[in-house]
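What follows is one structure encoded as structure tokens, with my remarks underneath.
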Amino acid sequence: MSTPTRTAAIAGRAVARIGYGAAQLDRLHDRRDEAVALLRHAVDAGVDHVDTAEFYGFGFANAVIREALRPTDDVMVATKVGADPDPGGRLPLRTAQRPEELRASVEDNLRSLGVDRLAVVNLRRLDSGPGMRPEGDQVVDLDDQLAVMTALRDEGKVGAIGLSGVTPDGLRRALPAGIACVQNAYSLVARDDDDLLGLCAAEGVAWVPFFPLGGAFAGLPKVTEEPAVHVVADSLGVTPAQVGLAWLLHRAPNVLLIPGTADHDHLDANLAVGGITLDDAALATLDAVESRSTDVRLG
């Protein structure tokens, strides 16, 4: 199989298939200059798609992005709404699903990023995959949420709308509103959403998986613990993590990766994945790995 294409489209724009997820920038919270330098390194290496949220580090990630990026960089910054920071809570997040909360979260991201328009805003629905589930007045109909998101788009505050934690039925309901991308948990060891990935490919919707290597917290399987992954990695002279990311790029042409890291060398290793070719034998070995459920609840 040939090396995956180097770009794919999101919101009508071609971007490098390996971007950067800003969640782990908070590991450098006390070393802000290092965080800024890391993001500059990513951009200088060709990253033009950065994923963030106001609740990453209670605004720290957005502040670093604002400081590090220049208008001439032409980087697409995608953010998300549907949860808010909760520094005093048992979890650092609380659900924020009501329309007025979604609008407030958009305003928070505009302010912290220092922009007048957010290129892409992902609505985190919490319908599927690992994480929290909405309860009480946080159980909100998708149509009501899409109404406020499209209003924000009409007002020019949002460029394009994405969905996260969504089911196939949810995506089908939302498609008439215009959906640029879907962010769901998906990896070699967690392929429950294969049908949804296929639907996205058919509809021209970018697929931006989070937890691309599996286990981000207890209860989730890890790609790097699979013997088959180590076999393929050893045969290619790369790391198991690189194999897991390369498999995603080979899975479908609409896949965009946003792996996060707080380390320069790890960032370089992630970016090098675009040059890894998996032949038919390697793909068959990897495809035979068992897929397990990601329906792990928090909160």
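Be aware that the sequence shown starts at 1, since it is given in full-length UniProt numbering, and climbs by one per residue.
We put the CB at the ideal spot given by N, CA and C, even for glycine.
Around the beta-carbon of valine 139, fewer than 16 other beta-carbon atoms lie within 10 Å, marking it exposed.
When Val47, Thr72, Asp154 are compared, the shortest CA-CA separation from alanine 22 is found for Val47. Inter-segment contact for the region 197 to 204 and the region 35 to 46 is absent: fewer than three beta-carbon pairs are separated by less than 8 Å. Apart from the 5 residues on each side of it in sequence, valine 75 sits with its Cβ closer than 8 Å to the Cβ of Val43, Val47, Asp48, His49, Val50, Leu69 in its chain, given in chain order.
Only residues of its own chain outside the window of five on either side were considered, and among them Ala11, Val120, Ala180 have a CB closer than 6 Å to the CB of alanine 160, listed in chain order. In this structure the region 261 to 277 does not touch the region 93 to 108; the number of beta carbon pairs closer than 8 Å is below three. When secondary structure is reduced to three states using DSSP, isoleucine 258 falls in the coil class, being assigned neither helix nor strand. In the DSSP assignment, the residues bridged to glycine 162 are Asn122, Cys181. The beta carbon of arginine 6 sits closer than 7 Å to those of Ala16, Arg17, Gly274, all from its chain and outside the five residues before and after it, given in chain order.
Cβ neighbours of aspartate 108 within its own chain (closer than 6 Å, five residues either side excluded): Glu54. For histidine 49, the enclosing beta strand (DSSP E) has its first and last residue at 49 to 51. Glycine 178 and leucine 245 have their alpha carbons spaced roughly 28 Å apart. By the beta-carbon neighbour count (other beta carbons within 10 angstroms, threshold 16), proline 227 is exposed. Assignment of serine 128 by DSSP, reduced to helix, strand and coil, places it in the coil class.
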